[in-house]
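Report on one structure; see the data block that follows.
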Amino acid sequence: MQNVKDVFIGAASVFAAYYLGLLIVSATSLFIPGPLLGLFILLGALFCLPQLESCVARAVTVPLKHMSLLFVPAVLGVSAYWGDIKSNALAIIIAIVITTSFSLGITAWFSQRLFNSKKTKAIANTKSNGHLDD
Amino acid sequence: MIEAFNRAMSLSGVFWLSISLISYLIALWANKKCKGHPAAHPIIVTALLISLGLYLSNTQVSEYQRAASLLHWLLGPITVALALPIYRQWQKLRHFGWRLFASILLGGVLAPVSAWLTLFVFDTPSAIQFTMLAKSITTPLAMESSAQIGGIPALAAVFVIVTGIVGAVMASVTFSLFNVESRQAQGIALGTVAHAVGTAKAIQMGEDVAAMATLGLCVNGIFTALALPVVFGLFI
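First to last, the sequence lines map onto chains A and B.
Counted from 1, the first sequence has number 87 at position 87 by the numbering used here; the numbering is strictly sequential.
Counted from 1, the second sequence has number 128 at position 128 by the numbering used here; the numbering is strictly sequential.
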């Protein structure tokens, strides 16, 4: 019974944050999408009320895991743009395949260098500390 | 929302929602059979099966979209639900500090800008160019923000998924090409550039890689979704 109540509270907070986000965005004509503002509202609520986490988790873990299903109607809608895709196929393929691989490599390389510099510094520090201790 | 529910309760609503659900279950099974290979992403198999159903029953895509509008409507609330994984990663974010943010920022800017530049050089229509800017973030956020900046949400969903698959498939080759051995760095890059599909690949590579990928996915998702509409609103 408690589980049902938790799911209900969790789902209610998600929907409340969603509608609050939509309401604020439409009332203030903010630039950001309503659901994104809803995300921030829920995030804020979780920070203010940490006990809400387990309820929200009960309600959203399964939907989050299977959210791919929700994209299906939108993805099928792409058939309407088939002509556009075909006439720009080469550019789109380069933009997705080449630049994604390239960005993946550069990001990993950069991050490896950043974290390595931290490690060498830490080793240097322990070394110098060790020296002082001697 | 009420309209979406009413349609779901209609005969064609129940029919196409069930077809969608069954197709998705078959897709999950197929994905498992392929040992979770990124190219066997459940959405691809689901979309193919439903297309087959539409073709056989001679149904228009727009008719299917109307019948299954409940699924589409749920995209909004599921975007809000992403607050949970972000909340859970918060402590780790603080632990890794600015180095993590700098890495995610580089990937988060480099991936969309280089893709957009390619389309710009090839002079493709501006709606496609704008849509490409959202390609490296998780699908629901990408669809929302592309709609906001004059892109095409349906196209955004496809770009995002293909980007994720390319990232996950190319990961091992790219990392050895760029001489990246640090598992931490590999995880960050996968999550930042290839979002949820990259994170699924990272989960197969190990728990430490997966944790970093989830951080990349969350941080880049929020910042790109926030930055795109604001930048467009202010300057264009």
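Beta carbons: idealized from backbone N, C-alpha and C, even for Gly.
Source: prediction; values computed, not measured.
Self-check item: DSSP three-state assignment for S182 of chain B, whether helix, strand or coil
Solution: Counted from its first residue, the second sequence places residue 182 of chain B at position 182. If DSSP states are grouped into helix, strand and coil, S182 of chain B belongs with coil.
Self-check item: Opening and closing residue of the alpha helix (DSSP H) in which V97 of chain A lies
Solution: One-based indexing of the first sequence puts residue 97 of chain A at position 97. From DSSP, V97 of chain A is part of no alpha helix (DSSP H); its letter is neither H nor E.
Practice problem: Would you kindly work out how many angstroms separate the C-alpha atoms of A213 of chain B and Q186 of chain B, rounded to a whole number? | Solution: If you number the second sequence from 1, residue 213 of chain B lands on position 213. If you number the second sequence from 1, residue 186 of chain B lands on position 186. Each residue's alpha carbon lies about 8 Å from the other.
Quiz item: Alpha carbon to alpha carbon, what distance is there between L217 of chain B and G191 of chain B?
Solution: The residue you call residue 191 of chain B lines up with position 191 of the second sequence. The residue you call residue 217 of chain B lines up with position 217 of the second sequence. Spanning the two alpha carbons is a distance of roughly 5 Å.
Quiz item: Of all the CB atoms in chain B, is at least one closer than 8 Å to the CB of L69 of chain A?
Solution: Taking the first residue of the first sequence as 1, we reach residue 69 of chain A at position 69. With 8 Å as the cut-off, L69 of chain A counts as an interface residue toward chain B.
Self-check item: Close-in-space but distant-in-sequence residues of the same chain around S68 of chain A (CB under 7 Å, 5 per side omitted)
Solution: Taking the first sequence and counting its residues from 1, the one referred to as residue 68 of chain A is at position 68. Contacts found: none.
Quiz item: Leaving out five residues before and five after I85 of chain A in sequence, what residues of the same chain have Cβ atoms less than 7 Å from its Cβ?
Solution: Sequence index remark: in the first sequence, residue 85 of chain A carries index 85 (1-based). Taken in chain order, the residues that qualify are I92.
Practice problem: Please check if any C-beta of chain A sits within less than 8 Å of the C-beta of L300 of chain B. | Solution: Residue 300 of chain B is absent from the model: chain B starts at 1 and stops at 236.
Quiz item: Any residues in the stretch 101-122 of chain A with a beta carbon nearer than 8 Å to a beta carbon of chain B? Which ones, in chain order?
Solution: S101, F102, S103, L104, G105, I106, T107, A108, W109, F110, S111, Q112, L114, F115, N116, K118
Practice problem: Tell me where the alpha helix (DSSP H) around G77 of chain A begins and ends. | Solution: Start at 1 with the first residue of the first sequence, and residue 77 of chain A comes out as number 77. Unbroken run through G77 of chain A: none, as it is neither H nor E.
Quiz item: Cβ atoms of V72 of chain A and S57 of chain B: under 8 Å apart, would you say?
Solution: Counted from its first residue, the second sequence places residue 57 of chain B at position 57. Counted from its first residue, the first sequence places residue 72 of chain A at position 72. The answer is no: Cβ separation not under 8 Å.
Practice problem: Report the rounded CA-to-CA distance for L133 of chain B versus L75 of chain B, giving the unit in angstroms. | Solution: Here the question's residue 133 of chain B lines up with position 133 in the second sequence. Here the question's residue 75 of chain B lines up with position 75 in the second sequence. Going by the C-alpha atoms only, they are around 20 Å apart.
Exercise. Measure the C-alpha to C-alpha separation of A168 of chain B and H37 of chain B and round it to an integer number of angstroms.
Key: Your numbering for residue 168 of chain B matches position 168 in the second sequence. Your numbering for residue 37 of chain B matches position 37 in the second sequence. Rounded to the nearest angstrom, the two C-alpha atoms are 9 Å apart.
Quiz item: So N58 of chain B is in the alpha helix (DSSP H); what residue range does that whole segment cover?
Solution: Taking the first residue of the second sequence as 1, we reach residue 58 of chain B at position 58. Neither: N58 of chain B is in no alpha helix (DSSP H) and is coded neither H nor E.
Self-check item: Sufficient close CB pairs (3 or more, under 8 Å) joining the stretch 102-116 of chain B to the stretch 33-51 of chain A
Solution: no
Quiz item: Run through DSSP, which three-state label would Q51 of chain A get?
Solution: As a working mapping, residue 51 of chain A is identified with position 51 in the first sequence. In this structure, Q51 of chain A counts as coil in the three-state DSSP scheme.
Quiz prompt | Buried or exposed (CB count within 10 angstroms, at least 16 for buried), C34 of chain B | solution = In the second sequence, counting from the first residue as 1, residue 34 of chain B sits at position 34. Exposed.
Practice problem: Determine, using beta carbons only, whether L106 of chain B and T107 of chain A come nearer to each other than 8 Å. | Solution: One-based indexing of the second sequence puts residue 106 of chain B at position 106. One-based indexing of the first sequence puts residue 107 of chain A at position 107. Yes; because the gap between Cβ atoms is below 8 Å, this pair is in contact.
Quiz prompt | DSSP three-state assignment for K201 of chain B, whether helix, strand or coil | solution = Here residue 201 of chain B refers to the residue found at position 201 of the second sequence. Note: K201 of chain B maps to helix in three-state DSSP.
Quiz item: Quick one: which chain B residues come within Cβ less than 8 Å of N88 of chain A?
Solution: To locate residue 88 of chain A, count along the first sequence from 1; it is residue 88. Per Cβ cutoff of 8 Å: L119, F122, T124, P125, I128.
Exercise. Report the residue from B:L28, B:L49, B:I50 whose alpha carbon sits nearest the alpha carbon of H41 of chain B.
Key: Counted from its first residue, the second sequence places residue 41 of chain B at position 41. Selected option, being the one with the closest Cα: B:L28.
Quiz item: How would you call R58 of chain A, buried or exposed, if buried means at least 16 neighbouring beta carbons within 10 angstroms?
Solution: Stepping through the first sequence from its first residue, residue 58 of chain A is reached at position 58. R58 of chain A should be labelled buried.
Quiz prompt | Within 7 Å of chain A by C-beta, residues of the stretch 92-116 of chain B in sequence order | solution = R99, A102, S103, L106, G107, L110, A111, S114, A115
Self-check item: Neighbourhood of T139 of chain B by C-beta distance below 6 Å, restricted to the same chain and skipping five residues each side
Solution: As a first step, residue 139 of chain B is located in the second sequence; it is residue number 139 there, counting from the start. Result list for T139 of chain B: A157, V160, in chain order.
Quiz item: Would you say S172 of chain B faces chain A, with C-beta separation under 8 Å as the test?
Solution: Locating residue 172 of chain B in the second sequence gives position 172, where the first residue counts as 1. Judged by the 8 Å Cβ criterion, S172 of chain B is not in contact with chain A.
Self-check item: Extent of the continuous alpha helix (DSSP H) to which T79 of chain B belongs
Solution: Sequence index remark: in the second sequence, residue 79 of chain B carries index 79 (1-based). Where T79 of chain B is concerned, the enclosing alpha helix (DSSP H) stretches over 75-81.
Practice problem: Within its chain, find whatever has a CB closer than 6 Å to the CB of L76 of chain A; leave out the 5 residues flanking it on each side and keep chain order. | Solution: Taking the first sequence and counting its residues from 1, one reaches residue 76 of chain A at position 76. Counting only Cβ-Cβ distances below 6 Å, and skipping sequence neighbours, we find nothing.
Practice problem: Pull out every residue of the stretch 131-144 of chain B whose Cβ sits closer than 8 Å to any Cβ of chain A, in chain order. | Solution: M132, K135, S136, T139, P140, L141, M143, E144
Self-check item: Beta-carbon separation (whole angstroms), I78 of chain B vs L39 of chain A, contact threshold 8 Å
Solution: What you label residue 78 of chain B is simply residue 78 of the second sequence in a count that begins at 1. What you label residue 39 of chain A is simply residue 39 of the first sequence in a count that begins at 1. That pair is no contact at about 10 Å.
Quiz item: In the structure shown, what three-state DSSP assignment does T124 of chain B receive?
Solution: By 1-based counting over the second sequence, the position of residue 124 of chain B is 124. Coil, per DSSP.
Quiz item: What's the C-alpha gap between A80 of chain A and A196 of chain B?
Solution: Translated into positions along the first sequence, residue 80 of chain A becomes position 80. Translated into positions along the second sequence, residue 196 of chain B becomes position 196. Going from the Cα of A80 of chain A to the Cα of A196 of chain B covers about 26 Å.
Self-check item: Proximal residues, the stretch 193-204 of chain B versus chain A, C-beta separation under 7 Å
Solution: V193, A194
Quiz item: Are there 16 or more other CB atoms within 10 angstroms of the CB of I137 of chain B, so buried, or fewer, so exposed?
Solution: Numbered from its first residue, the second sequence carries residue 137 of chain B at position 137. Flag for I137 of chain B reads buried.
Self-check item: Inter-stretch contact at 8 Å, needing at least 3 Cβ pairs: the stretch 224-232 of chain B / the stretch 48-68 of chain B
Solution: no
Practice problem: State yes or no: is the beta carbon of A47 of chain B nearer than 8 Å to at least one beta carbon in chain A? | Solution: Residue numbering aside, residue 47 of chain B sits at position 47 when the second sequence is read from its first letter. By this cut-off, A47 of chain B is an interface position.
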